[in-house]
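Q:
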Amino acid sequence: MKRIYNFSAGPGILPQDALDAASEAVIDYNNNGISILEMSHRSQPVIDLMNKTSSLARELLLIPDNFHILWLQGGASTQFSMIPMNLLPDEETADYTDTGLWAAKAIDEAKAFGNINIVSSSKDSMYNLINKDLRQTPKAIYLHITSNNTIYGTQWKRFPKVLNPNGFIISDMSSDIFSRKIDFNSFGLIYAGAQKNMGPAGVTMVIIRDDILGKMKRHIPTMFNYSTHINKSSAYNTPPVSAIFVVYKTLEWLHKIGGVAVIEEKNKIKSDKLYGEIERSSVFTSPIRKEDRSQMNVPFIFIEERDENEFLKFCSNRGLITLKGHRSVGGFRASIYNAMPVEGVDALISAMQDYESMLS
Ligand SMILES: Cc1ncc(COP(=O)(O)O)c(C=O)c1O
Numbered sequence: 036m037k038r039i040y041n042f043s044a045g046p047g048i049l050p051q052d053a054l055d056a057a058s059e060a061v062i063d064y065n066n067n068g069i070s071i072l073e074m075s076h077r078s079q080p081v082i083d084l085m086n087k088t089s090s091l092a093r094e095l096l097l098i099p100d101n102f103h104i105l106w107l108q109g110g111a112s113t114q115f116s117m118i119p120m121n122l123l124p125d126e127e128t129a130d131y132t133d134t135g136l137w138a139a140k141a142i143d144e145a146k147a148f149g150n151i152n153i154v155s156s157s158k159d160s161m162y163n164l165i166n167k168d169l170r171q172t173p174k175a176i177y178l179h180i181t182s183n184n185t186i187y188g189t190q191w192k193r194f195p196k197v198l199n200p201n202g203f204i205i206s207d208m209s210s211d212i213f214s215r216k217i218d219f220n221s222f223g224l225i226y227a228g229a230q231k232n233m234g235p236a237g238v239t240m241v242i243i244r245d246d247i248l249g250k251m252k253r254h255i256p257t258m259f260n261y262s263t264h265i266n267k268s269s270a271y272n273t274p275p276v277s278a279i280f281v282v283y284k285t286l287e288w289l290h291k292i293g294g295v296a297v298i299e300e301k302n303k304i305k306s307d308k309l310y311g312e313i314e315r316s317s318v319f320t321s322p323i324r325k326e327d328r329s330q331m332n333v334p335f336i337f338i339e340e341r342d343e344n345e346f347l348k349f350c351s352n353r354g355l356i357t358l359k360g361h362r363s364v365g366g367f368r369a370s371i372y373n374a375m376p377v378e379g380v381d382a383l384i385s386a387m388q389d390y391e392s393m394l395s
């Protein structure tokens, strides 16, 4: 069978171990005689699964005890409103960085709840860099960033510092969670849709510091209230058990290969290789400022005007698929999440070089 490498930005590539375990669990979960798809979230095996998933996540990311871990539904997009609904009073200000389409969506949603100060933007340069010159509000409740901008391929390499000594950072880490170490000291909340680096679509991880909750005066609908889910261990309503199972198996795989520090190194090796080729190539170039280039999503474009579909077809004939850039930017984008082996990156580099030879 030809090896297919899936460079999709999301849902993204998952480790084979997790896929094998999922296929078994769909038939019979841990010899319980029924499928994971049929199991009650009140059953002991599922309660155990959810606890184990949180413990493993805590161990891998070194999440301190004063942070809760939640497994919610509604995607990262629901967090765009849930965050200000729970944390930003009407009369207060939150700072937001505008680093791409997802960041802009988070900004638009937050405007319904309090004052929003856009502290920096790179919209004028088509989001091809991260503007780190932040005009922060001295008393901002929080500073919201998107740690990795999936569409444009930019990434905060170092997290900014908040100006307000009582403030904290909130980060959308949908496309780089578990790819890098995190120092939780400056964070109040981190959220991530699972479907890029952590599992399948259907579950969203929220890591939230205990002391930032319980201060809001406005009415928060039950399902949108973080406290509901904390009090009920993410099972106030029926959680997406099968998606959480695949997250567990993906984290188990990550643990087995050495954890976050090891994968961070591997991710650097993979992205260095690919950017190295893009730099060398006479056919392709990167539209992204060097210091802000993402280790997860690598966009590249033709130097000269050429038929993009021809290169996409050339790659897909070799089993290298979903390399088309986001519809808003065009070109190409290789998403090289944790589960993409270095062999996949090597195969893409060979394809780029062979294409170059073919043209000359
Ligand atoms: C950085 C980022 N934030 C948010 C989202 C939206 O996630 P969801 O589809 O889980 O709502 C995406 C999806 O691609 C993303 O890349």
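Residue numbering for the sequence shown follows my numbering, starting at 36 and increasing by one per position. Note that the Cβ used here is the ideal one computed from N, Cα and C, for glycine as well.
#1: Quick one, which of 216, 341 and 200 has its alpha-carbon nearest residue 194's?
#2: With which residues is residue 102 paired in a DSSP beta bridge?
#3: Taking the alpha carbon of residue 343 as the reference point, which residue from 326, 236 and 364 has its own alpha carbon closest?
#4: Quick check on residue 190: does DSSP put it in helix, strand or coil?
#5: Using a Cβ-Cβ cut-off of 7 Å (strictly less than) and excluding sequence neighbours within five positions of residue 255, which residues of its own chain qualify?
#6: Please classify residue 44: does DSSP put it in a helix, a strand, or coil?
#7: Give the straight-line distance between the Cα atoms of residue 394 and residue 305, rounded to the nearest whole angstrom.
#8: Could you tell me whether the segment 184-198 touches the segment 163-173, where touching means 3 or more Cβ pairs closer than 8 Å?
#9: Tell me whether residue 387 is buried or exposed, calling it buried when 16 or more other Cβ atoms sit within 10 Å of its Cβ.
#10: How would you label residue 231, buried or exposed, when you count the other beta carbons within 10 angstroms and need 16 or more for buried?
#11: Assuming residue 279 and residue 84 make a contact with CB atoms under 8 Å, what is their CB distance in whole Å?
#12: Cα-Cα, which of 258, 374 and 265 is closest to residue 291?
#13: Taking 7 Å as the cut-off, is the C-beta of residue 137 nearer than that to any heavy atom in ligand 1?
#14: In this structure, how does DSSP classify residue 131 when only helix, strand and coil are distinguished?
#15: Which of the three DSSP states is assigned to residue 291 in this structure?
#16: For the alpha helix (DSSP H) containing residue 379, list its first residue and its last residue.
#17: Between residue 386 and ligand 1, is the CB less than 7 Å from at least one heavy atom?
#18: Touch check for the segment 155-163 and the segment 123-135: three-plus C-beta pairs under 8 Å?
#19: If distances are taken between C-alpha atoms only, which option among 328, 271, 179 and 103 comes closest to residue 144?
#20: So, are the CB atoms of residue 53 and residue 285 less than 8 Å apart?
#21: Sorry if obvious, but does the Cβ on residue 357 come closer than 7 Å to a heavy atom of ligand 1?
#22: Just to check, is the beta-carbon of residue 209 closer than 7 Å to a non-hydrogen atom of ligand 1?
#23: Can you tell me the Cα-Cα spacing of residue 191 and residue 346, whole angstroms?
#24: Determine whether the beta carbon atoms of residue 276 and residue 117 lie at a separation below 8 Å.
#25: According to the neighbour-count rule (16 or more other Cβ atoms, all chains shown, within 10 Å of its Cβ), is residue 182 buried or exposed?
#26: Taking 7 Å as the line, does the beta carbon of residue 111 fall inside it for any heavy atom of ligand 1?
#27: Quick one, which of 307, 77, 321 and 348 has its alpha-carbon nearest residue 381's?
#28: Please return the same chain residues whose Cβ sits closer than 7 Å to the Cβ of residue 357, not counting the five positions on each side in sequence.
#29: State yes or no: is the C-beta of residue 234 nearer than 7 Å to some heavy atom of ligand 1?
#30: In this structure, does DSSP put residue 197 in helix, strand or coil?
A: Checking against the coordinates, here is how it stands:
#1: Within the sequence shown, the letter at position 159 stands for residue 194. Of the listed residues, the one whose Cα sits closest to residue 194 is 216.
#2: Locating residue 102 in the sequence shown gives position 67, where the first residue counts as 1. DSSP output for residue 102 lists 244 as bridge partner(s).
#3: Taking the sequence shown and counting its residues from 1, the one referred to as residue 343 is at position 308. The closest CA to that of residue 343, considering only 326, 236 and 364, is found on 364.
#4: Translated into positions along the sequence shown, residue 190 becomes position 155. Note: residue 190 maps to strand in three-state DSSP.
#5: Position 220 of the sequence shown, counted from the first residue, corresponds to residue 255. Excluding residues within five positions, the ones whose Cβ falls inside 7 Å are 120 and 121.
#6: Numbered from 1 along the sequence shown, position 9 holds the residue referred to as residue 44. In the structure shown, residue 44 sits in coil (DSSP, three-state: anything other than H, G, I, E or B).
#7: Taking the sequence shown and counting its residues from 1, one reaches residue 394 at position 359. Taking the sequence shown and counting its residues from 1, one reaches residue 305 at position 270. Rounded to whole angstroms, residue 394 to residue 305 spans 26 Å at the Cα level.
#8: Verdict: yes, contact present.
#9: Taking the sequence shown and counting its residues from 1, one reaches residue 387 at position 352. With 16 or more Cβ atoms within 10 Å of its Cβ, residue 387 is classed as buried.
#10: As a position in the sequence shown, residue 231 is number 196, starting the count at 1. So residue 231 counts as buried.
#11: Working through the sequence shown from its first residue, we reach residue 279 at position 244. Working through the sequence shown from its first residue, we reach residue 84 at position 49. Indeed they touch by this definition, with Cβ atoms about 7 Å apart.
#12: On the sequence shown, residue 291 is found 256 positions in, with the first residue counted as 1. Ranked by Cα distance from residue 291, the first of 258, 374 and 265 is 374.
#13: Within the sequence shown, residue 137 is the residue found at index 102, counting from 1. At least one heavy atom of ligand 1 is nearer than 7 Å to the Cβ of residue 137, so yes.
#14: Here residue 131 refers to the residue found at position 96 when the sequence shown is read from its first residue. In this structure, residue 131 counts as strand in the three-state DSSP scheme.
#15: Stepping through the sequence shown from its first residue, residue 291 is reached at position 256. If DSSP states are grouped into helix, strand and coil, residue 291 belongs with the helices.
#16: As a first step, residue 379 is located in the sequence shown; it is residue number 344 there, counting from the start. 377-394 is the extent of the alpha helix (DSSP H) around residue 379.
#17: By 1-based counting over the sequence shown, the position of residue 386 is 351. Incorrect: residue 386 has no Cβ contact closer than 7 Å to ligand 1.
#18: Under the 8 Å Cβ criterion, the segment 155-163 counts as touching the segment 123-135, having at least three qualifying pairs.
#19: Taking the first residue of the sequence shown as 1, we reach residue 144 at position 109. For residue 144, the nearest C-alpha among the options comes from 179.
#20: Position 18 of the sequence shown, counted from the start, is the residue given in the question as residue 53. Position 250 of the sequence shown, counted from the start, is the residue given in the question as residue 285. A contact, by the Cβ cut-off of 8 Å.
#21: Position 322 of the sequence shown, counting from 1, holds the residue named residue 357. No; taking the cut-off as 7 Å, the Cβ of residue 357 has no heavy atom of ligand 1 nearer than that.
#22: Start at 1 with the first residue of the sequence shown, and residue 209 comes out as number 174. Correct: residue 209 has its Cβ closer than 7 Å to ligand 1.
#23: The residue you call residue 191 lines up with position 156 of the sequence shown. The residue you call residue 346 lines up with position 311 of the sequence shown. The alpha-carbon separation between residue 191 and residue 346 amounts to approximately 30 Å.
#24: The residue labelled residue 276 in the question sits at position 241 within the sequence shown. The residue labelled residue 117 in the question sits at position 82 within the sequence shown. Going by C-beta atoms, residue 276 is not nearer than 8 Å to residue 117.
#25: Counting from one through the sequence shown, the residue named residue 182 turns up at place 147. By the neighbour-count criterion, in which 16 or more other beta carbons inside 10 Å mark a residue as buried, residue 182 falls on the buried side.
#26: Mapped onto the sequence shown, residue 111 falls at position 76. Within the cutoff, so yes.
#27: Taking the first residue of the sequence shown as position 1, residue 381 is located at position 346. Answer by Cα proximity: 307.
#28: Position 322 of the sequence shown, counting from 1, holds the residue named residue 357. Only 41, 42 and 43 meet the Cβ criterion.
#29: The count along the sequence shown starts at 1 and reaches residue 234 at position 199. Using a cutoff of 7 Å, the CB of residue 234 does not count as near ligand 1, since none of the ligand's heavy atoms is closer than that.
#30: Residue 197 sits at position 162 when you count from the first residue of the sequence shown. For residue 197, the secondary structure class from DSSP, reduced to helix, strand or coil, is coil.
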